[in-house]
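Visitor: Quick note on numbering that gives the first Met the number 0: the sequence shown kicks off at 0 and runs consecutively. Every residue, glycine too, gets a C-beta built ideally from N, C-alpha and C. Small disclaimer: the values here were computed from a predicted structure and weren't measured.
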Amino acid sequence: MADNENTPPPLKPCVNCGKPAVARYKPFCSARCADIDLGRWLKGSYVIPGEPVEETETGLPPRERDDEG
Ligand SMILES: [Zn+2]
0 MADNENTPPP
10 LKPCVNCGKP
20 AVARYKPFCS
30 ARCADIDLGR
40 WLKGSYVIPG
50 EPVEETETGL
60 PPRERDDEG
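#1: Can you say whether A20 is buried or exposed, counting buried as having 16 or more other CB atoms within 10 angstroms of its CB?
#2: Name the DSSP beta bridge partners of P19, please?
#3: Helix, strand or coil for C28, going by three-state DSSP, please let me know.
#4: Pick out every residue whose C-beta is nearer than 6 angstroms to a heavy atom of ligand 1: which are they, in chain order?
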């Protein structure tokens, strides 16, 4: 049972484009996809679940409530 040298274990599809990933660039299919994904991370396009995103470029004032009463 050592004839699996020619057939590498199946990798998950590229997380960027869905193509079969390559062991060398996993979980991506190529360096390009890896680069694209990294770029997204750097740009902050990724939405982190559970992490409230506060936009500070909306021009809206911070939470200021009048103390009436
Ligand atoms: Zn890809």
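Guide: Quick answer:
#1: buried
#2: P12
#3: coil
#4: C13, N15, C16, K18, F27, C28, S29, C32
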